[in-house]
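Contents: one structure, followed by commentary.
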Amino acid sequence: MYNLKQIAPATYRLPKTGNMHVPGLLIATEALLQEMDLQRPLEQVRNVAHLPGIIEHSIAMPDIHWGYGFPIGGVAATDAKNGVISPGGVGYDINCGVRLALIPILFSEITEQKKEELINAIYALVPSGVGQGQRGRKSLTFTDYQTLITKGAQWSIEQGLGFPEDLEHTESHGCIAGADLSTVSSHAKDRGANQLGTIGSGNHFVEIGQIDHILLKDIATAWNIEEGLTYALIHSGSRGFGHQICQDTLNTFIKK
Numbered sequence: 121m122y123n124l125k126q127i128a129p130a131t132y133r134l135p136k137t138g139n140m141h142v143p144g145l146l147i148a149t150e151a152l153l154q155e156m157d158l159q160r161p162l163e164q165v166r167n168v169a170h171l172p173g174i175i176e177h178s179i180a181m182p183d184i185h186w187g188y189g190f191p192i193g194g195v196a197a198t199d200a201k202n203g204v205i206s207p208g209g210v211g212y213d214i215n216c217g218v219r220l221a222l223i224p225i226l227f228s229e230i231t232e233q234k235k236e237e238l239i240n241a242i243y244a245l246v247p248s249g250v251g252q253g254q255r256g257r258k259s260l261t262f263t264d265y266q267t268l269i270t271k272g273a274q275w276s277i278e279q280g281l282g283f284p285e286d287l288e289h290t291e292s293h294g295c296i297a298g299a300d301l302s303t304v305s306s307h308a309k310d311r312g313a314n315q316l317g318t319i320g321s322g323n324h325f326v327e328i329g330q331i332d333h334i335l336l337k338d339i340a341t342a343w344n345i346e347e348g349l350t351y352a353l354i355h356s357g358s359r360g361f362g363h364q365i366c367q368d369t370l371n372t373f374i375k376k
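In the numbering used here, the protein residues as written are 121 to 376.
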């Protein structure tokens, strides 16, 4: 199917053809593979494999679908000296990713009524969709905005939206030093001012589920993951704020 060759469990290689510098690699189970419409996404995997300086593979993750230049779910590494920089390959954001939050409650203890109440509460409190902003919250003051951008997750904890120990389980403790709000355009600030705590669109989501099977026990132990626990999986990023910062920077590159 699609000239894919299985090389390991849930791992398929798309061979080099034409001027591809590297082969493609698709991560997906056989069951998932049967449900995917891969014709156009795999063409994009091939396109990415033509990029100067690409290393080893043009990779497609299990959520692969048709995107902008890369497929959504596409991953590529390029050589630091001779490779390209492609911020617009998949679409751009700052710190877009997925966070796992463990909930210290057994999933089996949550009644169907409580599940329904939880889903309704998430829909009510977490705006989602294109252009959606905060509901029922005051917009941030400029001082709050500046503090949030420069202090990152620490600001959220100071507002009572987390616990100090959360920083120990967050990459770079939730902040990379050196942020300078004076370099950010007014348009970017305006786009992000009302989007804190929102999900956005595309493949962003909030998911509540159960840890039903552990494959890597050492990692699970280090992360305090146990079978039967409830989890929240949250996929989002910086939304219009980060998108506009990147767009402004790309415009500067183009002018130069």
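Beta carbons: idealized from backbone N, C-alpha and C, even for Gly. Note that this is a predicted model, so its numbers are computed, not measured.
Asked, Found
"DSSP state of isoleucine 331 mapped onto helix, strand, coil", "coil"
"contact_flag[the segment 287-298, the segment 259-274] where n(CB pairs < 8 Å) is 3 or more", "yes"
"DSSP state of leucine 353 mapped onto helix, strand, coil", "strand"
"Three-state secondary structure (DSSP) of lysine 125", "strand"
"Cβ-Cβ distance between isoleucine 269 and leucine 226 below 9 Å", "no"
"Isoleucine 345: first and last residue of the uninterrupted beta strand (DSSP E) it sits in", "Counting along the chain, isoleucine 345 falls outside any beta strand (DSSP E), and DSSP gives it neither H nor E."
"Distance, histidine 170 Cα to glutamine 233 Cα", "52 Å"
"Whether isoleucine 214 touches serine 358 by CB criterion (9 Å)", "yes"
"Length at least 4, wholly inside the segment 125-157: the alpha helix (DSSP H) runs in chain order", "150-155"
"Host alpha helix (DSSP H) of isoleucine 230 (start-end)", "Per DSSP, isoleucine 230 belongs to no alpha helix (DSSP H) and is neither H nor E."
"Helix, strand or coil at isoleucine 374 according to DSSP, with G and I counted as helix", "helix"
"Helix, strand or coil at threonine 290 according to DSSP, with G and I counted as helix", "coil"
"For valine 195: DSSP bridge partner residues", "Ile179"
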